[in-house]
Amino acid sequence: MTGHELAVYRIDLAYDGTGFRGWARNAGVRTVQGKIESALATVLRAEVALTVAGRTDAGVHARHQVASFPTPADVDEAAVLRSLRTMLAPEISIHGLHRAPEGFDARFSATRRSYRYFIDEAPFHDPLRSRWVWHLAETLDLAAMNRAAAALVGSHDFASLCRAAEGGTTERTVDEAGWSREGTRHQAPGTSKPPATGVQLPASTPLLIFSVTAKAFCHQMVRSMVAVCVDVGRGRVAATAIPAILEKKDRNAARGVAPPHGLVLWEVEY
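Here the sequence shown is numbered in the UniProt record's numbering, starting from 1 and rising by one per residue.
In structure tokens, the structure reads:
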């Protein structure tokens, strides 16, 4: 590549957000974007600025995130990929790096984003998955939560369930939203007997999982959706109240947000 010609490169990645103050670069703060841009600057010997599909908050994880950057440099994709994987492990995993089609933008070219939120209803927490699961230690009403989630599907003004960016809109279209119980707590063979304490370990503890898909979300929208659905599951709010909460267009109409560590950016589609 010569002259001022720019090529856009796409990075597909995943990360454990526990040790980061979110995605977005912030001077003096450890962020995912800052970590990757620093590594790229070392490898390419040039400063780069990443665009990203989803700007995750502090503590939020990503199973599939997509970033892009323009550069005039000739990029040896295989060599850069190897270097990034070595430099960024174990918190950040680079799945792939390749030159993208002309006009590609990780943020604006995305057509759908999917998130999942994980809740553990077991009576005691599992330390092996506590970094990515919200432990509630109570059984929630799954059917009621699904009725609440169904009321969130479609085009709405989500001002009651998100923080609006300055000058931005809170109107969004949710394609899919629902809850399920899936998976079991790991138990090694031969460990079904009670330990010496006499406490019987549960044979299986399914996780409660919220799955939601939309072209775009506003700030804290998914975690607010989770929080209001949990209130429904606890019997504090009726599922039939969701339309009225949305209609109020008031951030005080719903109770707070779910903790960030249970949220995972699951997939980005183009």
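Every residue, glycine too, gets a C-beta built ideally from N, C-alpha and C. These figures come from a predicted structure and were not determined experimentally.
- A distance below 7 Å between beta-carbons, with the five flanking residues on each side excluded, links H219 to the following residues of its chain, in chain order: C162, R163 and A165.
- Per the C-alpha coordinates, the member of F217, M145 and Y15 positioned closest to A62 is Y15.
- Residue burial is scored here from C-beta neighbours: G256 has fewer than 16 other C-beta atoms within 10 angstroms and is therefore classed as exposed.
- The C-alpha of V75 is placed about 44 Å away from the C-alpha of R181.
- The alpha-carbon separation between A258 and A144 amounts to approximately 18 Å.
- Only exposed fits H98, as fewer than 16 other CB atoms lie within 10 angstroms of its CB.
- As a beta-bridge residue in DSSP terms, R172 pairs with H156.
- If only uninterrupted beta strand (DSSP E) runs of at least 3 residues are considered, those enclosed by the region 81 to 118 are 92 to 99.
- V174 is classed as buried because its beta carbon has at least 16 other beta carbons within 10 Å across all chains shown.
- With a threshold of 16 other beta carbon atoms within 10 Å, D231 meets it and is buried.
- Its chain contains C218 as the residues whose beta carbon lies nearer than 8 Å to that of G168, once the 5 sequence neighbours on both sides are disregarded; these appear in chain order.
- Under DSSP, the beta-bridge partners assigned to A62 are Y15 and L265.
- Around the CB of R116, 16 or more other CB atoms lie within 10 Å, so the residue is classed as buried.
- Contact between A73 and P260 is absent: CB atoms are separated by about 35 Å, not below the 8 Å threshold.
- Shown here, S38 sits in a helix according to DSSP, grouped into three states.
- Among the bridge pairs identified by DSSP, Y9 is matched with F69 and R99.
- Per DSSP, reduced to three states, the secondary structure at D231 is helical.
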